Amino acid sequence: MLMNALLAALIHAGIFVAVTLRILSRRSAPGVSMAWLLMVLLVPVLGAVLYVMIGERRLGRRWIGRAEAERERLQKQFASLSSGFAIAPAETGSVGEPVARLAGALGAVPVMGGHRVELHSDSVAILQSIVSDIDACQERCSLEFYIWHDAGQVSQVIEALLRAAARGVKVTALMDGLGSRPFIRGGAIGSMRAAGIEVVVVLPTSALRMAVARADLRNHRKIAVFDDRIAWTGSFNLVDPREFKREAGVGQWIDAMLRIEGPCCELLGAMTNAMAVMQEGQRLREVRTRNAATAVGSVALQPYPSGPGFAFQHVESVILTAIFSARRQLVLTTPYFAPGDAVVTALRSAARRGVEVMLIVPMHCDSRLVHWASASYFDELLAAGVSIQRFDGGLLHTKSMVIDESVSMFGTVNFDLRSFHLNFELSMLIYDREFAQQLIALQRSYLSACIELGQTEWRMRPGWRRMIENAAQLASPLL
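Taking my numbering, I'd label the letters of the sequence shown as residues 1 to 479.
The following block contains the structure:
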């Protein structure tokens, strides 16, 4: 028995040393490294297996090679497509200028003028409008969504895509291999391929792929582009919320989307095309040398792509810059709030210097671990004067931030480390006061179904909850 115990201790020590050396050989955020070291120390075998599976940002040598080549090509294409529409960062105002400068430097996309934008929050109307835009499409359309779910009104979208392909429109459909797994295994995808629709499964999941690539790096974007004139993006997956995840017990998903007309639509189409190239190595659409669009409105905006092969952590830098730029008001909504110490410190600092900071999160979350990790930050935020509103009308899934009623951030990025560091995401930075007012009105409309979290009440929660919250926070770098 003593020999068995000694052997187990030696194996434990060997695994811990091996994984520790591997972790220390790579540059990671201290919190991430410490979380992995703690896991391997406490549960060595499971910790080592999980580290091999999801511990490093591995996408495979071939994938990364394509991504690096595509990133260089995209930078040139972005410059070409934005020519004639670019706006100097100084023109976005004192709040927008630092955000615009940093986002332009990191994302290679300048602020572009000449857009008309519409904010949509009714899921039925969103799906109906997408169907109408597909039916009006004459040349090409591309849809890139994390989740495709063939139920309810989404079947009408699929039928519209089949009609478009039948009349000669070049149709491409990109979907995440994990997020859309049930759809990929269903019958609709076969009908789409049979009709000539180019279907690309991004980052497919399999035991074989896990040997060369990290399984949980996902394409979390939601982008639809029609004839390079109209584009949609936001938090809305290609699902009918009335039919999606009803068994999760968190209520109907509440989302919002942005419908854009103007010169950036071609650029968004180029991003989707680049994703297909990184996955399959072939271009699904011809590359235009210049943007033939014309200005159709007065809204200035800046698309910001992030993710493996583009840049790590940079979206977090843009968010931090936006928070530090706030002088009067900061309102944000997110379904998943586990952002790490840097963002929490920025929010506390904003509240301490007199900024009205409001955080709107769902009362119930479909991830229990994120739910507990999120709660672990509430004490310090409440103490700093941040207003925390918990939405009890479903799973609030809208990802938005408005700074001083003038600059908006809207898109697919959650306020968690996964969105900041791991997923492919798309954020729209919008430098327009009228749109900011519309987005604030939407944010405040959620308050009718919110319960404000009181500091006194929160401090009276039982000790066992605090322990669970703090334990979940330790794991938050790995979520």
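Just so it is clear, CB atoms sit at the ideal spot from N, CA and C, and this is done for glycine as well.
Predicted model only: the values in this text are computed from it and were never measured.
Legend entry - For Val501, three-class secondary structure by DSSP: No answer is possible for residue 501: the residues shown for the chain start at 1 and end at 479.
Inset, instruction - In angstroms with no decimal places, state the Cα-to-Cα distance between Arg61 and Ala67. - result: 10 Å
Inset, instruction - Could you spell out where the beta strand (DSSP E) holding Thr333 opens and where it closes? - result: 329-333
Legend entry - Spatial distance of Ser121 from Lys399 (CA atoms): 12 Å
Legend entry - Gln302: first and last residue of the uninterrupted beta strand (DSSP E) it sits in: Here the beta strand (DSSP E) through Gln302 covers 299-306.
Inset, instruction - Would you be able to state if there are at least three C-beta pairs under 8 Å between the region 126-141 and the region 95-106? - result: No contact exists between the region 95-106 and the region 126-141.
Inset, instruction - Label Trp464 either buried or exposed according to how many other C-beta atoms from any shown protein chain fall within 10 Å of its C-beta, with 16 as the threshold for buried. - result: Counting the other CB atoms within 10 Å of its CB gives Trp464 a total below 16, which places it among the exposed residues.
Legend entry - Whether Phe85 touches Gly104 by CB criterion (9 Å): no
Inset, instruction - Could you tell me whether the region 366-380 touches the region 419-439, where touching means 3 or more Cβ pairs closer than 8 Å? - result: no
Inset, instruction - Can you tell me which of the three DSSP states Val407 falls into? - result: strand
Inset, instruction - Count the CB pairs spanning the region 196-208 and the region 170-186 that are closer than 8 Å, and state whether there are at least three. - result: At 8 Å Cβ cutoff, the stretches touch.
Legend entry - Assigned exposure category for Ile451 - 16 Cβ within 10 Å defines buried: exposed
Inset, instruction - Look up Trp148 in the DSSP assignment and give the residues it is bridged to. - result: Residue pairing for Trp148: DSSP places it in a beta bridge opposite Leu238.
Inset, instruction - Out of Val315, Glu316, Val402, Pro44, state which residue places its alpha-carbon closest to the alpha-carbon of Val357. - result: Val402
Legend entry - Gly269 burial status per 10 Å Cβ neighbour count (16 or more: buried): Counting other Cβ atoms within 10 Å of its Cβ, Gly269 reaches 16 or more and is therefore classed as buried.
Legend entry - Beta-carbon proximity of Leu320 to Val299, cut-off 9 Å: no
Legend entry - Any beta strand (DSSP E) of 3 or more consecutive residues that is wholly inside the region 439-463: Counting only unbroken stretches of 3 or more residues, the beta strand (DSSP E) elements lying wholly within the region 439-463 are 450-452, in sequence order.
Inset, instruction - Assign Asp228 to buried or exposed, taking buried as 16 or more other Cβ atoms, counted over all protein chains shown, within 10 Å of its Cβ. - result: buried
Legend entry - Collapsed DSSP secondary structure at Asn423 in the structure displayed: Coil at Asn423, not helix or strand.
Legend entry - Arg185 versus Ile197: straight-line alpha-carbon distance, rounded: Cα to Cα, Arg185 sits roughly 17 Å from Ile197.
Inset, instruction - Look up Pro362 in the DSSP assignment and give the residues it is bridged to. - result: Per DSSP, Phe391.
Inset, instruction - Report the rounded CA-to-CA distance for Ser325 versus Ser317, giving the unit in angstroms. - result: 12 Å
Inset, instruction - Could you tell me whether the Cβ of Ile64 comes closer than 9 Å to any Cβ of chain C? - result: The question asks about chain C, but that chain is absent: this structure has only one protein chain.
Inset, instruction - Decide yes or no for the touch test of the region 141-158 against the region 330-343: beta carbon pairs closer than 8 Å, at least 3 of them. - result: no
Inset, instruction - Mark Thr333 as exposed unless 16 or more other C-beta atoms lie within 10 angstroms of its C-beta, in which case mark it buried. - result: buried
Legend entry - Cβ-based neighbour list, Leu422, same chain, cut-off 6 Å, excluding 5 preceding and 5 following: Leu217
Inset, instruction - Taking Ala136 as the reference, give the member of Glu91, Val225, Asp255 with the closest Cα. - result: Val225
Inset, instruction - Starting from His314, trace the alpha helix (DSSP H) both ways and give me its first and last residue. - result: First-last of the alpha helix (DSSP H) with His314: 314-325.
Legend entry - Segment limits, alpha helix (DSSP H) that includes Lys76: 61-82
Inset, instruction - Check each candidate in Arg418, Asp432, Asp392, Gly394 and name the one with the smallest Cα separation from Phe410. - result: Asp432
Legend entry - Bridge-paired residues (DSSP) for Lys170: Arg140
Legend entry - Contact the region 236-256 vs the region 370-377: 3+ CB pairs below 8 Å: no
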